[in-house]
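The sequence shown begins at 344 in my numbering and counts up by one.
Below is one structure, written out as C-alpha cells; comments come after it.
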Amino acid sequence: DEPTVRTYKKVTTPTKPRKAVNIPEYLKTAKPHLSFVVLGHVDAGKSTLMGRLLYDIGAVDTNHIRKLKKESERIGKGSFALAWVMDQTTEERERGVTVSICTSDFDTPKANFTIVDAPGHRDFVPNAIAGVSQADVAVLSIDCGTDAFESGFNLDGQTKEHTLLAKSMDVNNIVVAMNKMDSVNWSQERFMDIKYKLSAFFEEVGFHEDQIKWVPVSGFSGQGVFKIAYPKEQDWYEGKCLVETLEDVAQAIGTEAKKAVEDCPFLFSILEVIPSKKNEEAIISGKLGSGSIQPGETITVYPSEQSCVVDKILKGKNQDQVGIAIKGDFVTLKLRHAHAEDIQGGDIAASVDYTISASQNFQLQLLTFKMDRPLLPGTSFMLFRGVCEQPARISKLVSTVDKHNPEKILKKKIRHLGSNQAAIVEIELTERKRWIPMLTFKENRHLGRVVLRKDGRTIAAGSVLKIMNK
Ligand code: GDP
C-alpha cells in the first residue's frame, strides 16, 4: 500500500547554525534538565501535590491562585484550588477530573524541570502512556492514609499498572512521594509498612533499589515538598525534601544525557502542532529524544519527509528564545519552508542526514502482562507509541523467548501467547490512513518502545526490533 500522507522532496545536505554555539562549552555550563510524569491512583493527591510544588516554588502567581480559590468556592469544592493549578481548561474543572496531558516548566537554582502531567483516572491510562513516553523519571504519588493504600494498590491495581508502564517504557527511576502523611500523623510505622510492600513489587518489576527514592510529604500542607519544613511529629526521616530529591535525580540523569549529545543525531518527538498564521511556517512543540538543534539548521519531519529550516527555538515557562536545545529539552520550534497541514502530534523530526522509516508492519519483542484471553494471530489491539495511538493486529507469532535473555529462542511454532510471556511477534496497523514513523529500540531506547492495549487494559509492552516493508 502507498502511504496516504502527502510527501515532499527531502533535503539531505545539512545547513549550518546561524550563530553556532560551542556545544562542549554549553554543556559545561548548562543547568541539568529533568522531565517527570506524575503517576498514581486516582485521588492519590497528584494534582494537589503538583499544584503545591509549583505554588511554593513561585511558578504560579498569587493572583492566579486567588482566582482558582474563588472559582472552587463558587462550585462548592473549596479544597480544590491547588489541584487546579495544572489543569488548563474550565471544562476539565467542572468535571473534576483532569483529562489531557499538559506540561508545566519550573526552575530551581540547580536544575530546570518539565512536569508531564498524566491524570490518574482508569479510563485515561492512554494519557498516562503518552505522559510516561515523554518523561525521564516518574514521581509516584502514594496515598498513605489508612486503608487508602490498600484499596489503591491491591484492589484497583492502578499503581501497579503505572509502575509496569514506566518500567516497560524505559523510565528507570522512580521518586515515590509518600503523600498525605499528615493524615496518619507522620507515622514512621505506616511509612515503613508501605515502603516494605511497595519495594517487593518494584523488585518484581525489575527496578533496582538505587533507582527508587522515598520522600514523605503532604501536598496539602506542603510539608516536605519544598518550602515548608516537616512538622515536629516527623523526626525519623533524615533525607531530602521532594524538590531537592528531584534536583539530585536531575543532576544524575542530566549528566548522563549530556554525554550523548554530541555523537547522536537530532531526534525530536512532536507532541503538538500550534497553529500559525504565517505562510509556510509550522510551530511544533515536543521533546528532543537525542542530539541537539540550533536555529539555522535543517531538519526533516516524518512521515511527510518535508525538510524545514529551524528559525526559532523557544524554551521554558516564558518560552524564551534560545540558541540551542539538547537531548531531554522540551521546546517549541518555529520552522520555515514548512507545510503545517501535513504535520501532526506523534510525528518525528530528525537531522537531515538521518533517515526514519515509516511503515504499517513491525516486528516487536513483547512482554505480555496479565491477560484474560491469549493473544492469537489476528488478535486486534490498540498500539501506543509516544502520543500516537493506532488500531493494529497480530500478523504472526514468531517465537517465544527467554524473559531474562531475549536472544534465546524458546519455542518457534507457537499458536498463542499467554500472560507473562516474552515473545517475538509481527504486527500490522489496520487503519491504513497514515503511516507512522518508527524507530527501532536499537536506534533509540526510548522512542523504540510501544504499548499494546485491548478492551481498556494494558496487555503487553514491547520494543521495536524491525521495521518491515510489505
Ligand atoms: P489526584 O486525583 O491524584 O490528582 O488527587 P487530588 O490532588 O485531586 O486529591 C484527592 C483528594 O485528596 C482531595 O480531596 C484532596 O483534598 C485530598 N488530598 C490531597 N493531598 C492531600 C494531603 O497531602 N493530605 C490530605 N490529608 N489530603 C490530601
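Heads up, the beta-carbon is just placed ideally off N, CA and C, and yes, glycines get one too.
Computed from a prediction, not measured in an experiment: that's the story for all the values here.
Three-way DSSP call (helix, strand, coil) for residue i in this model
i, result
"Leu-508", "helix"
"Arg-409", "helix"
"Met-714", "coil"
"Ile-699", "coil"
"Lys-503", "helix"
"Pro-766", "The residue you asked about is not Pro; residue 766 is Ala in the sequence shown. The answer is strand: DSSP assigns Ala-766 an E or B state."
"Ala-489", "One point to set straight first is that residue 489 is Thr, not Ala, in the sequence displayed. Looking at Thr-489 - three-state DSSP - the assignment turns out to be coil, as it is neither helix nor strand."
"Leu-614", "strand"
"Ala-683", "helix"
"Leu-782", "coil"
"Gly-394", "helix"
"Ile-596", "helix"
"Tyr-580", "coil"
"Thr-356", "coil"
"Glu-732", "strand"
"Glu-605", "coil"
"Glu-624", "strand"
"Tyr-369", "helix"
"Asn-455", "strand"
"Ala-473", "helix"
"Thr-441", "Note on Thr-441: pLDDT 38, under 50, position unreliable in the model; the coordinate value appears next. Three-state DSSP puts Thr-441 in coil, outside helix and strand."
"Asp-404", "coil"
"Glu-640", "coil"
"Val-852", "With the chain covering 344 to 813 only, the question about residue 852 has no answer from this structure."
"Asp-399", "helix"
"Ser-635", "strand"
"Ser-415", "helix"
"Lys-776", "coil"
"Leu-760", "strand"
"Asp-591", "helix"
"His-376", "strand"
With 16 other Cβ atoms within 10 Å as the buried cut-off, status of residue i
i, result
"Met-535", "exposed"
"Val-548", "exposed"
"Trp-557", "buried"
"His-505", "buried"
"Asp-606", "exposed"
"Thr-801", "buried"
"His-551", "exposed"
"Pro-559", "buried"
"Arg-792", "buried"
"Thr-441", "Confidence is the limiting factor: at Thr-441 the pLDDT is only 38, short of 50, which leaves the residue's position unreliable and the question unanswerable from this model."
Neighbourhood of residue i by C-beta, 7 Å cutoff - its chain only, sequence neighbours within 5 removed
i, result
"Leu-760", "Thr-711, Pro-717, Leu-718, Leu-740, Ala-766"
"Gly-688", "Ile-613, Leu-614, Glu-615, Val-616, Val-730"
"Asp-466", "Summary for Asp-466: the model assigns pLDDT 42, below 50, so the residue's position carries little reliability; its value from the coordinates is reported in the next sentence. Same-chain partners within the cutoff: there are none."
"Asp-654", "Pro-638, Lys-677, Leu-678, Arg-679"
"Gln-706", "Ile-767, Glu-769, Leu-808, Lys-809, Met-811"
"Gly-799", "none"
Residues near residue i by beta carbon distance below 6 Å, same chain, minus five either side
i, result
"Pro-375", "Ala-454, Ala-593, Gln-594, Gly-597"
"Gln-708", "Pro-749, Ile-767, Gly-805, Ser-806, Leu-808"
"Lys-601", "Leu-370"
"Lys-510", "Val-548, Gly-549"
"Ala-387", "Ser-484, Asp-486"
Whether residue i touches residue j by CB criterion (7 Å)
i, j, result
"Leu-589", "Val-568", "no"
"Ile-642", "Ala-692", "yes"
"Phe-545", "Val-482", "no"
"Phe-673", "Thr-372", "no"
"Lys-353", "Ser-650", "yes"
"Ser-561", "Asp-591", "no"
"Tyr-697", "Pro-780", "no"
"Lys-658", "Val-604", "no"
"Lys-523", "Gly-488", "yes"
"Asp-399", "Lys-570", "yes"
"Phe-563", "Thr-391", "yes"
"Trp-814", "Ala-701", "The requested residue 814 is not part of the displayed model; the chain covers only 344 to 813."
"Ala-402", "Phe-449", "yes"
"Pro-367", "Glu-640", "no"
"Thr-675", "Pro-734", "no"
"His-384", "Gln-501", "yes"
"Lys-821", "Asp-745", "The structure shown does not extend to residue 821, since the chain spans only 344 to 813, so no value can be given for it."
"Phe-456", "Leu-377", "yes"
"Val-480", "Asn-516", "yes"
"Phe-724", "Lys-797", "yes"
Other residues of its chain near residue i: CB distance less than 8 Å, five sequence neighbours each side excluded
i, result
"His-789", "Ser-476, Met-512, Asp-513, Gly-632"
"Ile-686", "Ile-613, Val-616, Ala-625, Ile-627, Val-644, Ser-647, Gln-649"
"Asn-622", "none"
"Lys-713", "Ser-762, Asn-763"
"Ser-635", "Ile-366, Val-604, Glu-605, Phe-609, Ile-667, Ala-668, Ile-669, Lys-670"
Any C-beta of chain C under 7 Å from that of residue i
i, result
"Ser-415", "The chain labelled as chain C is not found in the depicted structure, where only one protein chain is given."
Any alpha helix (DSSP H) of 4 or more consecutive residues that is wholly inside the region 531-577: Fully enclosed alpha helix (DSSP H) runs of 4 or longer: 531-548.
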